[in-house]
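Chains as they are written, first to last, in the numbering used here: chain A, 3 to 555; chain B, 49 to 320.
The structure under discussion appears below in the form of structure tokens.
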Ligand SMILES: Cc1cc2nc3c(=O)[nH]c(=O)nc-3n(C[C@H](O)[C@H](O)[C@H](O)COP(=O)(O)OP(=O)(O)OC[C@H]3O[C@@H](n4cnc5c(N)ncnc54)[C@H](O)[C@@H]3O)c2cc1C
């Protein structure tokens, strides 16, 4: 038996499953599959499962492990860092992005294993920002090549699979055609603060749609409000990709290969992708997975890095990069947080972090505020280790003062924004010239600076959040700056010279290469991105099926 | 007292037993719900105490139907419980909705997650049933100015409407995750209409249909009890942590109310 055989026999046929057992599944390692998906996260899970169900042979590779919620997820902040992508990355720019826990996951389920589950649809106007907002100096935001209506059926499809628990009437965005599959969750104390404050100020506020069960669904119980959602849900109430689309993919005959870090996408002399080369845990050998089509779903830093690392004689600047746009227009969302102290106990960590309430009242371009774009205000509920760090960075507390304030941890309540950010060609992900990771691959160099518009938007949001907390009776208000969510490094567009993929997420340069994760967003929206990413992945799967039927792949 | 017996008991003895049963269900429901909120208000003990009094009075009346003193006791306990239920409704409305963040603007939310708004009125209904029963046991043919069967049919119409509404709200909250959760909205609704019909314009055809619908409602109640137990098992940890899930899962006794309300309709038919 070669080392490859040993490794494949031990790991490919099965992955760790419930209660330390193993989930039997197909082994495609020695065959050429129809589709190889890189990344088993929000997008990879959806597109992989749908294609497997449509009859394609599918293998989904993920750099991290195939988690078993019961035994792998630990209700402990510190131990849960294993869920984050913490490989070395270099940051730069005027506003360097803090990478890791707050923006990228690793392992089957991707970032959805530890995300906060806010499940919002983008608004129709988010897809037409350039048209509506016009050109803005130093910004290069674009309309999407598709409209909200193109994604609407896919939003519905994904919401159904994830059993989103949302309000009966949601006041913002295009009116829904169908009710949310499950009912809203009960408000937690932090959400009470938001509702109270907004009610005082006359700001509309509504129950928040979130991706965790409020009623039993199939073999998954409803949420028990432990509040450890950001460290992996041990009860399976959270509708992460790991417990929704991944089991579907396995049932349909897909292989989910954990601990498989893809180093390069290979291509033939005609410029078509032929598969991927990947490392397996415990070996420094590169294994080949042959595939008729490759779908990249590694999120907005790893996807461009993989394309750039896959440069070859036909593609000297990186795969699918004839436009030079791979890695460009990197965006985040601003997510300033504001906290206040209350006289009563809040226990902000209890229940899912979104708490159950939200306001999208400011999620539109508002007249007379001096900036374009908008933001949502959401409830947050950091656990103590996270919170103590915020107190140090946001309030400058340290030593005895910090210790004393932390004694009141249970009396703090906070709000966070999710704000649209302008796209700019100077914000980018590129390969670092000298640094390499544990596989010997060049690491990403992530450069980011805010646009003036972004700064004004953040200031506005900080003021509004402060007003709300004060109206609700909060005192000692302070704020902490954060960024969340990643976009834009393989943007979609109609013009092959100005974008990486077309409206179907198909690379302009390589006909059998697709990129369908958060990196294809041509502009950032004012809402949390996962639902849009998943809807886009669901649409891409349907488009691939159409293309295959017509023999166009 | 009406001389016809069913299984050796007179109709009003049956009503006394049903009074005891429904009160016990509602009382336990209040106990569980108020325990869950850690008896934050002292008033939360009230339904447990008055409910217990009504259960005892109703059982005594069922066993010893003749002594006037016991009849009187049942009547008093009934009025007391009915009053407690009304006060409870005020509390549930005020503290469970009005004073919550967002207040009445968030009515739908608090109907689902606040104190169950109609539960105290269920207790009021049980109290009124005790009063009607006491009257019947004492040989009265009419109550509140209505002939006994008419009074019972009107009663059944009202309580079924309440039970359907409360089940509707909570099953909506559960997103009708099992199709059986639509059951309380179907057959009992028809039984409710038939009951009103019987009260206002009785006929033999309606009566036959009503009887069938009542038996079906009764059966649905028993199935509901089983389904609620299953619902408890579908909560996190299932029956293994039955005590926590008793507090979080579907109210275990609630479907029993449909059994009780249907049985009262059957007693009413018996009395015709
Ligand atoms: C703490 C946190 C909270 C969040 N909260 C919300 C929220 O409330 N609502 C919301 O909408 N969004 C939220 N998000 C964002 C959301 O999770 C992401 O936008 C979304 O998951 C991105 O989807 P994706 O498919 O592009 O990438 P991911 O879900 O991150 O999946 C990428 C996967 O690809 C794998 N991968 C990458 N490169 C390689 C490679 N070379 N080889 C093999 N595998 C690779 C990674 O291991 C990872 O598993 C949150 C994110 C975080 C981190």
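Positions of the beta carbon are idealized from the N, C-alpha and C atoms, including for glycine.
Computed from a predicted model, the values in this text were never measured in an experiment.
- When C-beta distances to chain B are compared with 8 angstroms, the residues of the segment 173–190 of chain A below that value are 183, 184, 185, 186, 188, 189, in chain order.
- For residue 189 (chain B), not one C-beta of chain A is nearer than 8 angstroms to its own C-beta.
- Under the Cβ criterion of 8 angstroms, residue 149 (chain B) is counted among the residues facing chain A.
- Here the C-alpha atom of residue 53 (chain B) lies approximately 60 angstroms from the C-alpha atom of residue 347 (chain A).
- In this structure, DSSP gives residue 209 (chain A) an extended state, which the three-state scheme calls strand.
- Inclusion of residue 247 (chain A) and residue 47 (chain A) in the CB contact set at 8 angstroms is warranted, their separation being smaller than that value.
- Here residue 107 (chain A) carries a strand assignment [DSSP, helix/strand/coil].
- When DSSP states are grouped into helix, strand and coil, residue 140 (chain A) belongs to the coil group.
- The Cβ atoms of residue 262 (chain B) and residue 313 (chain B) sit closer than 8 angstroms to each other.
- In its chain, beyond the 5 residues on either side, 532 have a beta carbon closer than 7 angstroms to the beta carbon of residue 117 (chain A).
- In the structure shown, residue 395 (chain A) adopts helical secondary structure according to DSSP, grouped into three states.
- For residue 347 (chain A), no CB of chain B lies under 8 angstroms from its own CB, so it is not counted at the interface with that chain.
- Contact note: residue 237 (chain A) reaches chain B through 284, 285, using a C-beta cutoff of 9 angstroms and chain order.
- Contact note: residue 222 (chain B) reaches chain A through 217, using a C-beta cutoff of 7 angstroms and chain order.
- Between the segment 82–89 of chain A and the segment 104–111 of chain A, the count of Cβ pairs shorter than 8 angstroms is three or higher; the stretches touch.
- For residue 405 (chain A), the secondary structure class from DSSP, reduced to helix, strand or coil, is helix.
- Here residue 83 (chain B) is exposed: its Cβ has fewer than 16 other Cβ atoms, across all protein chains shown, within 10 Å.
- Residue 378 (chain A) is positioned such that its CB atom lies closer than 8 angstroms to that of residue 420 (chain A).
- Shortest gap from the CB of residue 297 (chain A) to any heavy atom of ligand 1: 7 angstroms or more.
- For residue 93 (chain A), the closest Cβ of chain B is not nearer than 8 angstroms.
- Listed by position along chain A, the residues whose Cβ is nearer than 8 angstroms to that of residue 230 (chain B) form an empty set, because the closest Cβ is around 14 angstroms away.
- Look at residue 55 (chain A) here: in three-state DSSP terms it is helix.
- At least one CB atom of chain A sits nearer than 8 angstroms to the CB of residue 160 (chain B).
- Against chain B, a Cβ distance below 7 angstroms from residue 531 (chain A) picks out nothing, because the smallest value is about 25 angstroms.
- Look at the beta carbons and you see the segment 527–543 of chain A touching the segment 31–44 of chain A: at least three pairs across the two are nearer than 8 angstroms.
- Identification of residues in the segment 258–284 of chain B having a C-beta nearer than 8 angstroms to some C-beta of chain A yields 279, 282, 283, 284, given in sequence order.
- Taking a contact as a CB-CB distance under 8 angstroms, the pair residue 364 (chain A) and residue 466 (chain A) counts as one, their CB atoms being some 6 angstroms apart.
- Apart from sequence neighbours up to five positions away, the residues of its chain that approach residue 131 (chain A) with a beta-carbon distance below 6 angstroms are 143, 525, ordered along the chain.
- Its chain contains 98 as the residues whose beta carbon lies nearer than 6 angstroms to that of residue 128 (chain B), once the 5 sequence neighbours on both sides are disregarded; these appear in chain order.
- Residue pairing by DSSP places residue 480 (chain A) opposite A:341 in a beta bridge.
- With a threshold of 7 angstroms, the Cβ atom of residue 42 (chain A) counts as near ligand 1, since some heavy atom of the ligand is closer than that.
- In this structure, the C-beta of residue 124 (chain B) stays at least 7 angstroms away from each heavy atom of ligand 1.
- Taking the Cα of residue 197 (chain B) as reference, the smallest distance to any Cα among B:311, B:117, B:268, B:247 is reached at B:247.
- Checking the DSSP bridge columns, you'll see residue 377 (chain A) partnered with A:421.
- Measuring C-alpha to C-alpha distances from residue 130 (chain B) to each of B:70, B:275, B:156, B:90 identifies B:70 as the nearest.
- For ligand 1, no non-hydrogen atom lies closer than 7 angstroms to the CB of residue 156 (chain A).
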